[in-house]
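Heads up, our numbering is the position in the sequence shown plus 1381, with the first residue counted as 1. Just so it is clear, CB atoms sit at the ideal spot from N, CA and C, and this is done for glycine as well. Just so it is clear, the structure is predicted and the values come from calculations on it, not from any experiment.
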Amino acid sequence: MSNSEYMSLEEVAEMLGVTYQLIYRLVRAGELPAIRLGKLYRVSRTDLNRYLERNKSATAQGGVCSVCGTLYKTRESLKQTCQAEGCEEPICFDCWTRLGVRYCSKHQAKMA
Ligand SMILES: [Zn+2]
Ligand SMILES: [Zn+2]
């Protein structure tokens, strides 16, 4: 466990309990600020905390799709949940209808 200011995407994913792919997508989408060192992305703890804070307040009314990581302002677009037993991870309208996704990113990895 390193205490440096910058974390790899793997470390961020592990810390948040999500997949590397989700974090990578957030970075590529510009949702989560990251700097590039050679081929690798690094996320600063400051930016990560800011991102989490922003998501926390957003989750009060809306939420983040567990599949694509898109932030929705209302629960309207996040009515579906992961079909794995006991999992309540939200799945957005877009992922559910257009992509046919039925499981959150964590469970998708297990099903694949
Ligand atoms: Zn989605
Ligand atoms: Zn799930």
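Distance from the C-beta of C1468 to the nearest heavy atom of ligand 2 is below 8 angstroms. By DSSP's assignment, S1425 forms a beta bridge with Y1387. When the alpha-carbon of T1462 is set against those of Y1484, G1398, D1475 and L1480, the nearest one is in Y1484. Cβ atoms of M1388 and R1431 stay farther apart than 8 angstroms, at about 14 angstroms.
In the three-state reduction of the DSSP assignment, V1445 falls in the strand class. Closest in alpha carbon position to K1420, among L1390, L1433 and G1444, is L1390.
Each residue's CA atom was taken as its position, placing L1413 and L1480 some 23 angstroms apart.
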